[in-house]
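Peer 1: Below you'll find the structure I mean.
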Amino acid sequence: MPSSKQFPEIEPGPGERLNTEMVISESYSSREITIPLHIRRGLQDGPRVFVTAALHGDELNGTGAIRQLLSDSSWDLHSGTLILAPVLNILGYERHSRYLPDRRDLNRCFPGSKTGSMSSRMARTIFDQLIEPCDYGIDLHTAAVRRTNYPNARADLSNPKCAEMAEAFGAGIILDAPGPECSLRRSATDHGVPTIVVEGGEVWRMESAVIDCMTRGVLNVLRKLQMVDGEIDVPIKQTVISHTKWIRAERGGLMQMHVAPGETVKKDQALATNCSLLNEGQNQLLAPFSGVVLGASTLPSVKPGEPVVHIGKLGTRKQTNAYEKRSGNDSIQQDAIEQFSSSVHVTAPEPITDFDDVDS
């Protein structure tokens, strides 16, 4: 079906493409602050979809995925309109920062306000001119600084259209949650634009396995919406996770990881061991339940309370076996596991001879 919404800015004609910019604010010198957009329209009517990246200015894997989509000539948009925004937080991007110059998180400012702070006004402009005129959305992210994430889709599965997109994306792991208050994803969905988030990798890098996963997933969603020809390339069965937990350090010191993102763990399995700078007072962190490692710290040292490993709970052994079988048959996910093993130095746990604690 054609979109029932009106796009407020210039839109290309049927079968045309347009590179343009959207004004989102002004600088101290009264110059326009703009973000780049690529708008592509099919010959036939259809839905309007946005794909955004770098909402946090240091998260670049999504930007790399959009660049790959733009350079890939193997697909063609035959219906609907696709809007690609490789960098939403242009001010953070130019400073290699997650945040805007006023230290606000743009992804906690939506839908924004026309009379609020600079961040809130920027969010309102983006929401009014880019987000709300669309019918569906995909927002690409990485982990926060000093962490890395295994590729996963995040969606409010109580919304049928969000569930449909998350499943079609084919990341393999779907986290069922509505998203934080005032995030782009939650605000868009609440305003009738079903939107999913895809997380993968770490800041300040473009990681080939994550970019491949994101590129494949975006095209899968476009095929599901009948905007692009071809078969959807997704795992036979995906893993839905509704409960996750960050395992945090109990002691300060050096940290040795025993697991990497993408791996499965059993209850009471050793996740990491930390000790003093003189290798005294060893403290081992154990898995509180069986699950899959969604993310991990990339720092070799910690303070008490800092996050170390993020685990998604797998309810049954059958679910664990299904995840392991599926990820083993997916070359992109295997590449991701190998790449993350190099980002997080992993060794087998050794017998602890100087116990302070074992924490689970």
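Position one of the sequence shown corresponds to residue 316 (this note's numbering), numbered consecutively onward.
Cβ atoms here follow ideal geometry from the backbone N, Cα and C, with glycine treated the same way.
(1) Give me the Cα-Cα distance between residue 396 and residue 629, rounded to the nearest whole angstrom.
(2) Cα-Cα, which of 487, 512 and 553 is closest to residue 493?
(3) What first and last residue would you give for the alpha helix (DSSP H) that runs through residue 377?
(4) Rounded to whole angstroms, what's the CA-CA distance from residue 576 to residue 554? Just pull it up for me.
(5) What are the boundary residues of the alpha helix (DSSP H) that includes residue 432?
(6) With a threshold of 16 other CB atoms inside 10 Å of the CB of residue 545, please say whether the residue is buried or exposed.
(7) Mind checking which residues open and close the beta strand (DSSP E) that includes residue 341?
(8) Measuring only the C-alpha atoms, how far is residue 423 from residue 363?
(9) If you reduce the DSSP assignment to three classes, tell me which class residue 581 lands in.
(10) Is it buried or exposed, residue 636, if we count other Cβ atoms within 10 angstroms and call 16 or more buried?
(11) List the endpoints of the continuous beta strand (DSSP E) containing residue 299.
(12) Taking Cβ to Cβ, would you say residue 517 is nearer than 9 Å to residue 613?
(13) CA-CA distance, residue 376 and residue 407?
(14) What are the residues that DSSP puts in a beta bridge with residue 365?
(15) For residue 489, is the classification buried or exposed, using 16 other Cβ atoms within 10 angstroms of its Cβ as the cut-off for buried?
(16) Going by Cα to Cα distance, which pick from 371, 333 and 600 is closest to residue 519?
Peer 2: According to the structure shown:
(1) 38 Å
(2) 512
(3) 376–386
(4) 15 Å
(5) Counting along the chain, residue 432 falls outside any alpha helix (DSSP H), and DSSP gives it neither H nor E.
(6) Exposed: under 16 other Cβ atoms inside 10 Å.
(7) Secondary structure note for residue 341: its beta strand (DSSP E) is the uninterrupted segment 332–341.
(8) When rounded, the distance between both Cα atoms is 24 Å.
(9) coil
(10) exposed
(11) Residue numbering for the chain in the displayed model covers 316 to 675; residue 299 lies beyond these limits and cannot be assessed.
(12) Taking 9 Å as the Cβ cut-off, residue 517 and residue 613 qualify as a contacting pair.
(13) 15 Å
(14) Residue pairing for residue 365: DSSP places it in a beta bridge opposite 398 and 452.
(15) buried
(16) 371
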